[in-house]
Amino acid sequence: MQALKERIMRDGIHLGSGILKVDGFINHQVDAQLMDQCGREFARIFAGIGATKVLTAEISGIAPAVMTAFHMGLPVVYARKNKPITMPDQVYLTLAPSHTKGRMVELIVSPEYLAGGERVLIIDDFLASGATIAGLVRLGQAAGAKIVGIGTLIEKSFEGGRDLLTPLGIPIHSLVCITSMQNGEITFKE
Numbered sequence: 007m008q009a010l011k012e013r014i015m016r017d018g019i020h021l022g023s024g025i026l027k028v029d030g031f032i033n034h035q036v037d038a039q040l041m042d043q044c045g046r047e048f049a050r051i052f053a054g055i056g057a058t059k060v061l062t063a064e065i066s067g068i069a070p071a072v073m074t075a076f077h078m079g080l081p082v083v084y085a086r087k088n089k090p091i092t093m094p095d096q097v098y099l100t101l102a103p104s105h106t107k108g109r110m111v112e113l114i115v116s117p118e119y120l121a122g123g124e125r126v127l128i129i130d131d132f133l134a135s136g137a138t139i140a141g142l143v144r145l146g147q148a149a150g151a152k153i154v155g156i157g158t159l160i161e162k163s164f165e166g167g168r169d170l171l172t173p174l175g176i177p178i179h180s181l182v183c184i185t186s187m188q189n190g191e192i193t194f195k196e
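So the sequence shown is numbered by my numbering: it starts at 7 and just counts up by one.
Written as structure tokens, this is what we have:
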């Protein structure tokens, strides 16, 4: 997706160690028009999969997931990283390593909002190692839901996440794919 690629080239900052800082337009400060375009594109790509719900991880996946769900007419559920007191005692919980936090994080979903028989589309900001998305897949499966698609804004193909997820047999689409981040230069797949 050209608009996202251009924004990464203009405002994305390579911090080293495979970290791409995009918090000026995706997660700390959100460019709503760009996320609307991304959501519209995901809705077009996943129009025929019969999703009944969109699932993402707190916090960076929320903006693209909400816009995708808006354009598909679906609700969004996001996996929380901390369990609030309003959540029931029995929850779906898994652990996933966080590249940017440098530690394991919990992903928690209430069974009130994710149930058996759902057809779930996962939308997230990055596909890097695939660990967070694999955690979201586990949450959906624990609930008895069927994962029908995975969409990410940015894929860093050099981190191998697609290889981890491909055996699941779930369609995976990334709006932008980065093949290398070396010497301060970001290289995109054409």
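All C-beta atoms in this analysis are idealised placements derived from N, C-alpha and C, irrespective of residue type, glycine included. Just so you know, these numbers come straight off a predicted model, no measurement behind them.
Option nearest residue i by Cα separation, candidates the options
i: Ala134; options: Glu112, Thr158 and Ala151; result: Thr158
i: Leu10; options: Cys183, Asn189 and Met187; result: Cys183
i: Ala57; options: Arg13, Glu165 and Ile156; result: Ile156
i: Ile65; options: Ala38, Asp169, Ile32 and Thr193; result: Ile32
i: Phe132; options: Gln188, Ala148, Lys162 and Ile153; result: Lys162
i: Met73; options: Ala38, Glu12 and Phe194; result: Ala38
i: Asp29; options: Ala53, Phe194 and Ile160; result: Ile160
i: His34; options: Ala69, Glu12 and Met7; result: Ala69
i: Pro177; options: Gln8, Met187 and Ala53; result: Ala53
Residues bridged to residue i (per DSSP)
i: Ala102; result: Val111
i: Thr62; result: Tyr84
i: Val182; result: Ile160
i: Leu127; result: Val60 and Gly155
i: Met187; result: Ile192
i: Ile19; result: Lys27
i: Leu133; result: Glu161
Cβ pair residue i, residue j closer than 7 angstroms
i: Asp17; j: Gly67; result: no
i: Val60; j: Val36; result: no
i: Leu141; j: Ala102; result: Residue identity differs from the one stated: residue 141 is Gly in this sequence, not Leu. Yes, Cβ-Cβ distance for Gly141 and Ala102 is below 7 angstroms.
i: Gly197; j: His20; result: Outside the shown range of the chain (7 to 196) lies residue 197, about which nothing can therefore be said.
i: Val111; j: Lys89; result: no
i: Leu113; j: Ala85; result: yes
i: Leu181; j: Gly136; result: no
i: Gly150; j: Gly122; result: yes
i: Thr100; j: Arg144; result: yes
i: Val154; j: Ile91; result: no
Whole-angstrom C-beta distance between residue j and residue i, which should lie under 8 angstroms
i: Ala63; j: Thr138; result: 5 angstroms
i: Ile14; j: Ile192; result: 7 angstroms
i: Arg125; j: Lys152; result: 5 angstroms
Exercise. Contact between the region 113 to 133 and the region 87 to 99: three or more CB pairs below 8 angstroms?
Worked result: yes
For this session: Could you say if the region 41 to 53 and the region 62 to 77 meet the contact criterion of at least three C-beta pairs nearer than 8 angstroms?
Result: yes
Exercise. Does the region 44 to 58 come close enough to the region 20 to 28 to have 3 or more Cβ pairs within less than 8 angstroms?
Worked result: no
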